[in-house]
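**Q** Residue numbers (this note's numbering), protein chains in the order written: chain A, 386 to 691; chain B, 278 to 633; chain C, 507 to 833; chain D, -8 to 219; chain E, 20 to 268.
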Ligand SMILES: Nc1ncnc2c1ncn2[C@@H]1O[C@H](COP(=O)(O)OP(=O)(O)OP(=O)(O)O)[C@@H](O)[C@H]1O
Ligand SMILES: Nc1ncnc2c1ncn2[C@@H]1O[C@H](COP(=O)(O)OP(=O)(O)OP(=O)(O)O)[C@@H](O)[C@H]1O
Ligand SMILES: [Mg+2]
Ligand SMILES: [Mg+2]
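Following this line, the structure appears as structure tokens:
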């Protein structure tokens, strides 16, 4: 296995991780601030992708498609928060699980109702398609490089928002004590709607960006949702930094595991068995990673609370 | 009055296949003008346990004579053995797991589509014809994926440049594509149905790797092609059906389907259509209540197939010609065009293991 | 408002009544559907022991459900194919006897629950949810690629396994078995909740530090609850496999774990009969709505939403006034 | 008209009623003690004022009916709360705790650190790692930074070492003399309350049983209702 | 002098750069109330955690009734005779008062692994629980939900749960916190009698109570015991006045 291949795989893992981070960031914010396990977060991912595909289909503009994804997902998030979630803050967390489960059903089947059962078309813009040659002769798709850049930019922006702005301080204070922050004069419900919309918008953006190189179809959000949960749990719930590290770890593990585990197994057994066994273990690798992290640190890498 | 129970996937991510099969089936019934066939349609949600439950309902409560509709092999394995053992006829519109073609074959089970391996075998044969001698192979890590590679390699005579089993449901193939790039292969064979195939093709096209790809039709059905777009152009795939197979039945089918549903039919639709026509042809000669006569009538396969000639082998699976198609653009629509015959009058590899 | 005890009896009587009516009216499918509800209820009752009493939100209970299912599948598969089951040096012919299968299912799932519990109970809250999910996913992917037993295609068992003295192929008799087991487990669950163990577990859920300072180990209490819970869900898995005469990796999927949680919440967390009500309602909705439109999931979602928004504490919470914890 | 006015205020936690009729008023610049034994409804009254629990009856601030307002709107009218049990934002730094809800006015970071110099030395420290006394100073500072017209202190000296308690009382005295802010005080130390407050209101089982100038509270009354 | 019931020997605990306990050695003798006072953050709760088993000391040992319990966990130490109350009430809020007390009795009995039979129907456990509740004055509230108790009643329940354990020594972290003056006076009288049953290690900021109750007082500052002595000795110590008491005392 050549160095070039290994570097390329690391880039792939990084890119995958960075996209997971977009999902994980919203999830960890919403969970950290509102204590809400939002199963419907994957739906915003899907909504973003469909909105982008629809707009790209009509206008042909990728940029407009991305903007549409952000706006539509944010609106969907704000609406969900105001119509459903808001009524459930006072009740048991488990009720929120049931409610967001119901939302998945509604969003998925609703989207299918509107757009039909067939996958939609959403393609990379011409300016970003095709490979570029990196130093060292590595050929790498330009679009994926762009994704890495977008992910890092979002991370930076979120970090700034959370750590450096007053809204960020208020959000973190809300994580500590919701009632108290309201009693100090801060409109907590507006803040929540905002966070929810922000999280949804990030998920929608991820959906549009990733949908461009994957398939835009109903149910596309659930597998990513599970992975995003894995990321935030590894990183420690509520921590943006944790979500980022967790996402990168998951991205690298799943990408590199799928490649190197079968190779590793070939040392011990015949290629066919090694392929299948290695592939099985690779599917499990991120879950094994997560269990190991949690057994070692029961509140994740950067988490303080359960 | 004949009762047909159709269990198929109508909701969730895999719904497009079930809907196509159902629409094809219903179109044929409508065109036959018969009003004595009642079809009960249920959604299995692509969950085996729901499928079993629905099959119990069809058999115990609705007392159907014939069942059909299942898309996925794992659901078929859950439903079919039980159903046929209770005396119901099962006509498969799609799933063709090897067990049901080999040791698990049954006199009441007819597959009108293909045995799962068929299209892969044809791909292997086509690879030989094209002169590929070093294929990179890719399939999901589940039984149908293992069967796919086995099927491909059954007839393919060249070398293996690498074999990868990917995660079921995987959507990012950057890592695999990097390996393909580094492998020195002269062709890439892949079996990635549904969203997996869309993702793979788009990412493959964007990667700059230009090794030709080949695969079974499952990854290039009418719905998928529209979602992949330009990235699929020129890709070769193998199918027992294509919209340009030249016979009057097929031409009429394609036209009426498009007229009725406003979209081009897929191979699943053609399979549904053929299944219904097989059923109707058998009903002309016998009633399901007379099981032996009805079975013989089915076996005779005396109907006009969209595929042209159609006949069953000893294990009630099709013996058929499989074509190689290329993805082309006709106006705004991406579709397939036949470019050759991959394999002629092909029966499946398991017929010997069937004791019928 | 109804006293909860009467509600419990009414629900069970209702289930039995539906089955008896279906038997008289010769509606075997209704019996099958009721049996399905009963078995899912049993699995959810199992989960509720961990979730309701122990506060352990396990998103990995499909592991036990699946193990129960595969215990049935593998034992019966070996009989069906006349191949012995070899475990190390031991060779077993397999089995098609329900009691044997149940015991195996219970043993396997308890053992798995013990292992998973030992590792997972160090964490709590959302971390516990996710680590149990992780174990679920490991079993799921393992099952998918375990070609020996059908991988993703699963295992078909052509004949329902037997129970001494009964003909399990008759839907009503099989229903009877499942229903009796459900009643038995409910009875045990009820005793458990009021027992000294239940008292300690209940406190361990709320204030683990307090339990420690009276000299008890919250970890062990929760572990035992988790094992009991896993065993019950495992038993349900074996029955479910027998109902369908089929097992597949979907029994291990996280969606199934999620569905079990939904059943419990829908009915009422920590209520004895909650999971039963949840399961019956869910199966009924699935059946009734499924026939109406292709897009019935939307309506299912809307109905569930209305229930969460307007029935705090699930259906049982809505119907019964007793607040949790009042004796 | 006084700044804060409660008349016949009632409130309940779910089905159990906690307030049965509280009458209380605090005028501009006035320092009022809210007294009563454990569980008599002092904190509940505070929660009702701050709109943290639903209540009925007369409840107005600066002429506005508080019942129509949500918690944050009530606070913005100028009610600053130092809650029972401190409740500082543990994951935030001292500085962030102070600025999180700051509103413009004379109280800014500089003024707060002048009042509590210890806080000035610990601006970048996480609040959770502060000692109990420092946390208490922090929440007072946090409430002041919203520039309230009425400051409510609920058990602001609970669990503090005597020497720190003295520091806090000194700060309260300075607030009173230097700013003329209205203050509602709840505390266990009757001696300290007596020396700072203008008036007192005593609660018994959720109702006002006595109200009057501090000087008129005889030892008979305080014995009966407060236990001293 | 009788052997101490509890003694610590050079307990040291560091959190990063902070030394929260710095070689703390003290003991509690039969029949006495030994009070530990000190400024906020001096390390009193940290000391209690190490004695009760919630925190493992970096150095030093804890002896209970002559036995070295340093290696035992919280539950084992409780079984060995430690009875503890919490600074912030740790009670099962959803359960009734009786159930909370029964939990203590159940822990004392050491037999929680009984899966059948009603806990509330167990006459022995129940008698013990009711007896202890009566002693703290909660006899009228057996079936009240703990969440509906007032702050003071919760403190009483805390003590009652500790009583059900029949401990050999009581460890109490600020039992007076949040109690009004009559409440603290009542609790003071109660603790005064309780010391005959078992000695008490008392952490408290309420100086009235400490001065009224303590046989000996230890003053903790920055994790170090700066003085141990009788109430009179402590009150007159200039160092203690400066670090803790101020003008009070
Ligand atoms: N969350 C709650 N749920 C139910 N009842 C409550 C709740 N909080 C307080 N109560 C009850 O309301 C009554 C008044 O309590 P409140 O906390 O207002 O008293 P307080 O005067 O502040 O007492 P303390 O001096 O102990 O702080 C008490 O009887 C208490 O038991
Ligand atoms: N887990 C921990 N990690 C880091 N520092 C800690 C931890 N626990 C306690 N500390 C620090 O150790 C010191 C001692 O704390 P402790 O709670 O023992 O004080 P205390 O004497 O009980 O104070 P108070 O009278 O306010 O209750 C404090 O500075 C505290 O911040
Ligand atoms: Mg209070
Ligand atoms: Mg302390």
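For every residue, glycine included, the Cβ atom is placed at its ideal position computed from N, Cα and C.
Since the model is a prediction, treat every value here as computed from it, not as a measurement.
1) Contact between the segment 674 to 681 of chain C and the segment 534 to 551 of chain C is defined here as three or more beta-carbon pairs at a separation below 8 Å; is this criterion met?
2) Please tell me whether residue 751 of chain C has its Cβ less than 7 Å away from any Cβ of chain A.
3) Mind checking who residue -4 of chain D pairs with in its DSSP beta bridge?
4) Taking its Cβ as the centre, do 16 or more other Cβ atoms sit within 10 Å of residue 606 of chain B, making it buried, or is it exposed?
5) Under 6 Å: does the beta carbon of residue 75 of chain D sit that close to some heavy atom of ligand 5?
6) Within the same chain, show all residues whose beta-carbon is closer than 8 Å to that of residue 559 of chain C, passing over the 5 residues directly before and after it, in chain order.
7) Which of the three DSSP states, helix, strand or coil, is assigned to residue 507 of chain C?
8) Going by the C-beta, is residue 186 of chain D closer than 6 Å to any heavy atom of ligand 4?
9) What does residue 59 of chain E reach in chain D if we use C-beta pairs closer than 8 Å?
10) Near residue 815 of chain C, what residues of its chain come up, given a Cβ to Cβ distance below 8 Å and the 5 sequence neighbours on each side ignored?
11) Using three-state DSSP, classify residue 32 of chain D as helix, strand or coil.
12) Where residue 79 of chain E and residue 135 of chain E are concerned, what is the direct C-alpha to C-alpha distance, given to the nearest angstrom?
13) Need the endpoints of the beta strand (DSSP E) that residue 52 of chain E sits in, please.
14) Quick check: is the beta carbon of residue 714 of chain C nearer than 7 Å to any beta carbon in chain E?
15) When Cβ atoms are compared, which residues of the segment 555 to 568 of chain A fall closer than 8 Å to chain D?
16) Please compile the residues from chain C whose C-beta is within a distance smaller than 7 Å of the C-beta of residue 351 of chain B.
17) For the segment 323 to 340 of chain B, list every residue whose C-beta sits within 7 Å of some C-beta in chain C, in sequence order.
18) Counting only beta-carbon atoms, is residue 332 of chain A nearer than 7 Å to chain C?
19) When DSSP labels each residue in this structure, what does residue 8 of chain D get in the three-state scheme?
20) Name, please, each residue of chain D whose Cβ falls closer than 7 Å to the Cβ of residue 571 of chain A.
21) Does residue 291 of chain B pass the burial test, meaning 16 or more other C-beta atoms within 10 Å, or should it be called exposed?
22) Would you be able to state if there are at least three C-beta pairs under 8 Å between the segment 380 to 388 of chain B and the segment 587 to 594 of chain B?
23) Got a sec: is the Cβ-Cβ distance from residue 573 of chain B to anything in chain A below 7 Å?
24) Among the candidates A:564, A:512 and A:597, whose CA atom is the shortest distance from the CA of residue 434 of chain A?
25) Can you name, in chain order, every residue of its own chain whose Cβ lies under 7 Å from the Cβ of residue 119 of chain E, other than the five neighbours on each side?
26) So residue 455 of chain B and residue 397 of chain A are supposed to be a Cβ contact under 8 Å. How far apart are they, rounded?
27) Does ligand 1 have a heavy atom nearer than 6 Å to the CB of residue 119 of chain E?
28) My understanding is that residue 421 of chain B touches residue 393 of chain B, with C-beta atoms under 8 Å, so please give their C-beta distance in whole angstroms.
29) Do the segment 599 to 618 of chain C and the segment 666 to 674 of chain C meet, that is, are 3 or more Cβ pairs less than 8 Å apart?
30) Counting only the same chain and skipping the five closest in sequence on each side, list residues whose C-beta sits under 6 Å from that of residue 661 of chain C.
31) Can the beta-carbon of residue 459 of chain A be found closer than 7 Å to that of residue 585 of chain A?
32) Quick one: which chain E residues come within Cβ less than 7 Å of residue 735 of chain C?
33) Can you confirm whether residue 182 of chain D, when its beta carbon is compared against all beta carbons of chain E, has any partner nearer than 7 Å?
34) DSSP three-state call for residue 23 of chain E: helix, strand or coil?
35) Nearest chain D C-beta to residue 104 of chain E closer than 7 Å, yes or no?
36) Check the Cβ-Cβ distances between residue 162 of chain E and every residue of chain D, and say whether any is below 7 Å.
**A** Put simply:
1) yes
2) no
3) D:16 and D:51
4) exposed
5) Among the ligands in the structure shown, ligand 5 does not appear; only ligand 1, ligand 2, ligand 3 and ligand 4 can be found there.
6) 698, 699, 704, 707, 708, 711, 731 and 776
7) Note that residue 507 of chain C scores 46 on pLDDT, short of 50, meaning its location in the model is unreliable; the coordinates nonetheless yield the value given after this. DSSP places residue 507 of chain C in coil when its eight states are reduced to three.
8) no
9) 122, 123, 124, 125, 150, 151, 152 and 155
10) none
11) coil
12) 43 Å
13) 52 to 56
14) no
15) 555, 557, 558, 560, 561, 562, 564, 565, 566, 567 and 568
16) 658, 659, 660 and 754
17) 324, 325, 326, 329, 330, 333, 334, 337 and 338
18) Missing from the structure shown is residue 332 of chain A; chain A here goes from 386 to 691 and no further.
19) strand
20) 63 and 92
21) buried
22) yes
23) no
24) A:597
25) 110, 111, 165, 176 and 180
26) 6 Å
27) no
28) 6 Å
29) yes
30) 579, 583, 655 and 753
31) yes
32) The premise fails here: residue 735 of chain C is roughly 13 Å from chain E at the closest Cβ pair, so nothing lies under 7 Å.
33) no
34) coil
35) no
36) no
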